[in-house]
Amino acid sequence: MTRASQGAKLRLHVGVDRERCAGHGTCAYFAGSVFTLDELGFNDVEDLEVPEGLREVALRGVAACPERAIWTKEKGEVDGNSTEISGARFGID
Amino acid sequence: MTAVDKDLLARFDLNSPEYAQDPYPYFDAIRETDGIFETTAYGGIPVLATYQDVLYLYERTELFSSRKTTLMDEGMGAFRLIPEMVDPPDHTVYKHLLLPLFSPPAVARLEAQIRSTAEELFAGMVGRGGGEFVNEVSIPLPTSVFVHLMGWPESLTPQFLDWADKLIRGLPGADETESRSVQMGAAMEASQFFSAEIQAGREGPKDDLIGYLVQQTFDGQRPLTDEEILSICVMLLLAGLDTVKTALANAVCFLATSEPHRRELREDRSLIPAAIEELLRYEAPANGARIMNQTTVYRGREFKKDELVCFLVAAACRDGREFPNPDRVDFHRQPNRHLAFGAGPHRCLGIHLARTEMRIALETIFDACSDFELEPGTTPARHMSQIMGVSELQLRVKP
Chain A
4 MTRASQGAKL
14 RLHVGVDRER
24 CAGHGTCAYF
34 AGSVFTLDEL
44 GFNDVEDLEV
54 PEGLREVALR
64 GVAACPERAI
74 WTKEKGEVDG
84 NSTEISGARF
94 GID
Chain B
1062 MTAVDKDLLA
1072 RFDLNSPEYA
1082 QDPYPYFDAI
1092 RETDGIFETT
1102 AYGGIPVLAT
1112 YQDVLYLYER
1122 TELFSSRKTT
1132 LMDEGMGAFR
1142 LIPEMVDPPD
1152 HTVYKHLLLP
1162 LFSPPAVARL
1172 EAQIRSTAEE
1182 LFAGMVGRGG
1192 GEFVNEVSIP
1202 LPTSVFVHLM
1212 GWPESLTPQF
1222 LDWADKLIRG
1232 LPGADETESR
1242 SVQMGAAMEA
1252 SQFFSAEIQA
1262 GREGPKDDLI
1272 GYLVQQTFDG
1282 QRPLTDEEIL
1292 SICVMLLLAG
1302 LDTVKTALAN
1312 AVCFLATSEP
1322 HRRELREDRS
1332 LIPAAIEELL
1342 RYEAPANGAR
1352 IMNQTTVYRG
1362 REFKKDELVC
1372 FLVAAACRDG
1382 REFPNPDRVD
1392 FHRQPNRHLA
1402 FGAGPHRCLG
1412 IHLARTEMRI
1422 ALETIFDACS
1432 DFELEPGTTP
1442 ARHMSQIMGV
1452 SELQLRVKP
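Protein chains in written order, with the numbering used here: chain A, 4 to 96; chain B, 1062 to 1460.
Below is the structure:
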């Protein structure tokens, strides 16, 4: 184990870019235990710390979005310093 | 892969029956063209067919306008369908007006009705040991759903079934002109029916969808006009019938010819939602057109203002750069960001309703029989137009 990983307590966070969300509902369709929809069918997750055990489900929901509207971040402490690492978005030009 | 006829490829036309039986070799050739493919049809137009290109077209509504969404000039193309043929910002206003009608809770309220209709329709086929699926199930199911969505009594379904059948199939066996006049006649009659309902709704608002629309405003500025409400009604009729009918027929046709895929679903019903998405990707029924709002250069080609552009969702959904092994149906495919419901502002408004109809239909089929397959010795008929896919499917059904 490296020194960094010994001191790392990173948790996956997910949230939606509401400007980009078109309301397909595919995230909730494939990862309903992580993503919820508002009453019109748009993803309403602003910033959710994904519980242990749901990481894989959450990432499935993120990947399912045709609009690439869901961001991921690893947040937490690395060696006592507050850290935030943005996940790669499935880019569109 | 079937050989591609060079001449047919050069004059590729989404509306021509010549490509109907197996359009995919043509879609592949168009998508894999160096640069952007140009067909000589429609006076010469570009055809966008890669995943990236079709997604770009959907997202850049300021460049690719929905003022024109059909390749043909005649018929319904002249009618401005709301919200399909409206660009943002007006499109956003109409969409927000209609979203509550198609939200997940609104669709959930229709679910019991959809299930009892699906069960009744498919029971007929089980009882006779089979039959023609399109006529017996995949047209009547969305037609009945439309009547209930409008908030109307079941007794209106036979009338709409007659109109739906004419709108979708024209006059089978007749020539194109005669068939088109039957379609136009049905569209006129349905429009007159809607207009009378709008008048009745104005006189005393009813508890139905038209009753809701007559009370709505355009962005709080003015009430909706009769023309706007009529256009929305026609849009709901057209968008909800042919699309679901074709998507359902495509899905059941594939399953009827693939025993391993049927077995997979029979053994694990929880795969049905993923299977629906994959079958929508495998044979996306709706392709379309846009018109350029301004002159722009994209991928080295100049798209001129007012130029018509054709786009092939079905080709994009088989793009190997987005979907590994694109010609394989894999119910475990991940991710599956298919574009069968479109993307961006114009993504299908009825997405939750369509998914629910398809899920319930497949659940019903697997519940009601021990197995089904393509009737031996028959070939499914396929139709080619902007909504393309299976139009006749003889099934053998084992109780």
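The beta-carbon is built from N, C-alpha and C at its ideal position, and this holds for glycine as well.
No experiment lies behind these values; they were computed from the predicted model shown.
Bridge-paired residues (DSSP) for residue i
{"i": "H1444 (chain B)", "result": "B:G1450"}
{"i": "V1108 (chain B)", "result": "B:F1098 and B:C1371"}
{"i": "D1148 (chain B)", "result": "DSSP, once it has assigned bridges, lists no residue as partnering D1148 (chain B)."}
{"i": "S89 (chain A)", "result": "A:K76"}
{"i": "I1352 (chain B)", "result": "B:S1126 and B:L1369"}
{"i": "G18 (chain A)", "result": "A:W74"}
{"i": "K1067 (chain B)", "result": "DSSP output for K1067 (chain B) lists no bridge partner at all."}
{"i": "N84 (chain A)", "result": "A:V81"}
{"i": "R1283 (chain B)", "result": "B:F1279"}
{"i": "K12 (chain A)", "result": "A:E80"}
{"i": "E52 (chain A)", "result": "A:H16"}
{"i": "A1347 (chain B)", "result": "B:I1448"}
{"i": "N46 (chain A)", "result": "A:L40"}
The beta strand (DSSP E) enclosing residue i, as first and last residue numbers
{"i": "T1357 (chain B)", "result": "T1357 to Y1359"}
{"i": "Q1455 (chain B)", "result": "Q1455 to K1459"}
{"i": "G1191 (chain B)", "result": "G1191 to E1193"}
{"i": "L1435 (chain B)", "result": "D1432 to L1435"}
Neighbour flag for residue i against chain A, beta carbons, 8 Å
{"i": "S1164 (chain B)", "result": "yes"}
{"i": "L1297 (chain B)", "result": "no"}
{"i": "L1414 (chain B)", "result": "no"}
{"i": "L1160 (chain B)", "result": "yes"}
{"i": "G1138 (chain B)", "result": "A caution first: G1138 (chain B) carries a pLDDT of 48, below 50, which makes its placement in the model unreliable, though a value can still be read off. No, its Cβ sits nowhere closer than 8 Å to a Cβ of chain A."}
Short Cβ contact (8 Å threshold) for residue i with residue j
{"i": "L1400 (chain B)", "j": "V1108 (chain B)", "result": "no"}
{"i": "N1076 (chain B)", "j": "M1133 (chain B)", "result": "yes"}
{"i": "L1302 (chain B)", "j": "F1207 (chain B)", "result": "yes"}
{"i": "P1387 (chain B)", "j": "R1398 (chain B)", "result": "no"}
{"i": "A1251 (chain B)", "j": "T1304 (chain B)", "result": "no"}
{"i": "L1353 (chain B)", "j": "L1118 (chain B)", "result": "Reading off the sequence shown, one finds Met at residue 1353 (chain B), where the question assumed Leu. Contact: no."}
{"i": "I1337 (chain B)", "j": "L1291 (chain B)", "result": "no"}
{"i": "L1228 (chain B)", "j": "Q1253 (chain B)", "result": "no"}
{"i": "L1373 (chain B)", "j": "F1088 (chain B)", "result": "yes"}
{"i": "L1454 (chain B)", "j": "V1313 (chain B)", "result": "yes"}
{"i": "T1178 (chain B)", "j": "L1202 (chain B)", "result": "yes"}
{"i": "T1122 (chain B)", "j": "P1406 (chain B)", "result": "yes"}
{"i": "E1436 (chain B)", "j": "G1185 (chain B)", "result": "no"}
{"i": "F52 (chain A)", "j": "R14 (chain A)", "result": "Strictly speaking, residue 52 (chain A) in this sequence is Glu, with Phe absent from that position. A contact, by the Cβ cut-off of 8 Å."}
{"i": "F1183 (chain B)", "j": "I1421 (chain B)", "result": "no"}
{"i": "P1233 (chain B)", "j": "G44 (chain A)", "result": "no"}
{"i": "D1269 (chain B)", "j": "M1211 (chain B)", "result": "yes"}
Within-8 Å CB hit, residue i to chain B
{"i": "E70 (chain A)", "result": "yes"}
{"i": "R63 (chain A)", "result": "yes"}
{"i": "G56 (chain A)", "result": "no"}
{"i": "G18 (chain A)", "result": "no"}
{"i": "I95 (chain A)", "result": "With a pLDDT of 37 at I95 (chain A), under the threshold of 50, the predicted position of this residue should be treated as unreliable, and no value is reported."}
Enclosing alpha helix (DSSP H) for residue i [first to last residue]
{"i": "F1207 (chain B)", "result": "P1201 to L1210"}
{"i": "F33 (chain A)", "result": "T29 to F33"}
{"i": "F1364 (chain B)", "result": "Note, F1364 (chain B): premise wrong, no alpha helix (DSSP H); beta strand (DSSP E) at R1362 to F1364."}
{"i": "G1411 (chain B)", "result": "No alpha helix (DSSP H) holds G1411 (chain B); DSSP gives it neither H nor E."}
{"i": "D1074 (chain B)", "result": "Here D1074 (chain B) belongs to no alpha helix (DSSP H), and DSSP marks it neither H nor E."}
{"i": "A1257 (chain B)", "result": "E1237 to E1264"}
{"i": "K1267 (chain B)", "result": "Unbroken run through K1267 (chain B): none, as it is neither H nor E."}
Note to self: Output needed in chain order: residues of the segment 1387-1412 of chain B with a Cβ under 8 Å from some Cβ in chain A.
What the structure shows: Listed by position, the residues of the segment 1387-1412 of chain B near chain A (Cβ gap below 8 Å) are Q1395, P1396, N1397, R1398, H1399, L1400, F1402, A1404, G1405, P1406, R1408 and I1412.
Next item on the list: Output, in sequence order along the chain, the residues in the segment 34-49 of chain A whose CB is closer than 7 Å to any CB in chain B.
Entry: Of all residues in the segment 34-49 of chain A, only L40, E42, L43 and G44 come within less than 7 Å of chain B when Cβ atoms are compared, listed by chain position.
Check: In the segment 1333-1348 of chain B, which residues sit with their C-beta less than 9 Å from some C-beta in chain A, listed in chain order?
Finding: Listed by position, the residues of the segment 1333-1348 of chain B near chain A (Cβ gap below 9 Å) are P1334, A1335 and E1338.
Checklist line | Interface residues of the segment 79-90 of chain A facing chain B [CB-CB below 7 Å] | finding: So nothing in the stretch comes that close.
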